[in-house]
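Following: one structure in structure tokens, then a few remarks.
Numbering (the numbering used here), first residue to last: 54 to 360.
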């Protein structure tokens, strides 16, 4: 195991490895990007590289330190996340982090704290962490992980070196699903397209279930397009049994309107998410005006953000 086995994010890895090679690590990083694209994977890999017994700017994945980090029981590497049955990261957790950072490292290397998702720190926790970032203990590294940094205090963000993570190319997601998860070529390609560049999302998708749900979702959008709002609402209420199901529908609707917009403007199918529905996309893209598609996309994204 090494950085070469981390899927994508070559630029971000190059920046981090260069800092490690020159021993010029920033005391705090902010990893920002869509859910499931590999931000935590990169953070954990970096912790391994810092502590790997081989002593390079890479990691072996086999030594005691690498193994303990993988198992989550390395004394100098901690992941801070909401406690079981809690919805936020509390000030008590941050105070424990601060106490831990002030103890000497067990290995003589850096103490590393990964906070994921950082936006779930409540305001008291963020203010407490800010004091630590303003006067960080020697030989410490704190990595904040977020899908959107807007929920973090501006002063907190300003103390961190930001690295932005983009959705992964479709081929990288598909290659991962084939080589690491044993999916067939067809399944891997379909799930990679539907994941919108997120390995984490792809791993949680069920192809058969998704196809069936998408058929129902397409019917809702068709009813809306035809002006049959009553049928659309009844179908939507039947599908939306939970917050997660509603969010799934909105995220798929976002991908659908995005596909219509791309095809309307470029007639290029290479970047379409719902590529297997190209005929329907082509028909609707030609039938619906650019302004209506764009408006629907904006409203869908806004609705998903409010859930």
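Cβ atoms here follow ideal geometry from the backbone N, Cα and C, with glycine treated the same way.
Residue 197: member of the beta strand (DSSP E) spanning 193 to 199, first to last residue. In the three-state DSSP reduction, residue 81 falls in the strand class (E or B). Distances from the alpha-carbon of residue 237 to those of 254, 250, 260 put 260 closest. In terms of Cβ geometry, residue 159 and residue 111 do not form a close pair [threshold 8 Å].
In this model, residue 115 and residue 270 are separated by some 46 Å (Cα to Cα). The C-alpha of residue 326 lies about 13 Å from the C-alpha of residue 254.
When 148, 306, 199, 70 are compared, the shortest CA-CA separation from residue 168 is found for 199.
Among the bridge pairs identified by DSSP, residue 131 is matched with 166. One alpha carbon belongs to residue 95, the other to residue 335, and they sit about 38 Å apart. The count of Cβ pairs closer than 8 Å, one atom from the region 230 to 248 and one from the region 99 to 109, stays below three, leaving the stretches out of contact.
Here residue 156 is exposed, its C-beta having fewer than 16 other C-beta atoms within 10 Å. Below 8 Å, enough C-beta pairs join the region 177 to 197 and the region 205 to 220 to call them touching: three or more. Closest in alpha carbon position to residue 88, among 257, 79, 191, 166, is 257. From the listed residues 139, 100, 322, 263, the smallest Cα separation to residue 132 is found for 100. About 6 Å separates the Cβ atoms of residue 219 and residue 86, confirming a contact at the 8 Å cut-off.
Within 10 angstroms of the beta-carbon of residue 118 lie 16 or more other beta-carbons, which makes it buried. Residue state for residue 212 is assigned as coil, using DSSP reduced to three classes.
Assigned with DSSP and collapsed to three states, residue 266 falls in helix. Nearest C-alpha to residue 299 among 82, 134, 266, 152: 266. Taking the Cα positions, residue 64 is about 27 Å away from residue 124.
Here residue 247 is buried. Its C-beta has 16 or more other C-beta atoms within 10 Å. Apart from the 5 residues on each side of it in sequence, residue 204 sits with its Cβ closer than 7 Å to the Cβ of 172 in its chain, given in chain order. Residue state for residue 142 is assigned as strand, using DSSP reduced to three classes. In the displayed model, residue 174 falls within a strand according to three-state DSSP. In terms of Cβ geometry, residue 185 and residue 163 do not form a close pair [threshold 8 Å]. In the three-state reduction of the DSSP assignment, residue 217 falls in the strand class, which pools E and B.
Taking a C-beta distance under 8 Å as the contact criterion, residue 311 and residue 350 qualify as a contact pair. The straight-line gap separating the alpha-carbon atoms of residue 145 and residue 346 is approximately 47 Å. Remark: C-beta atoms of residue 68 and residue 197 do not approach each other more closely than 8 Å. In this chain, the alpha helix (DSSP H) harbouring residue 118 covers 117 to 124. Our two residues, residue 120 and residue 243, have alpha carbons roughly 34 Å apart in a direct line.
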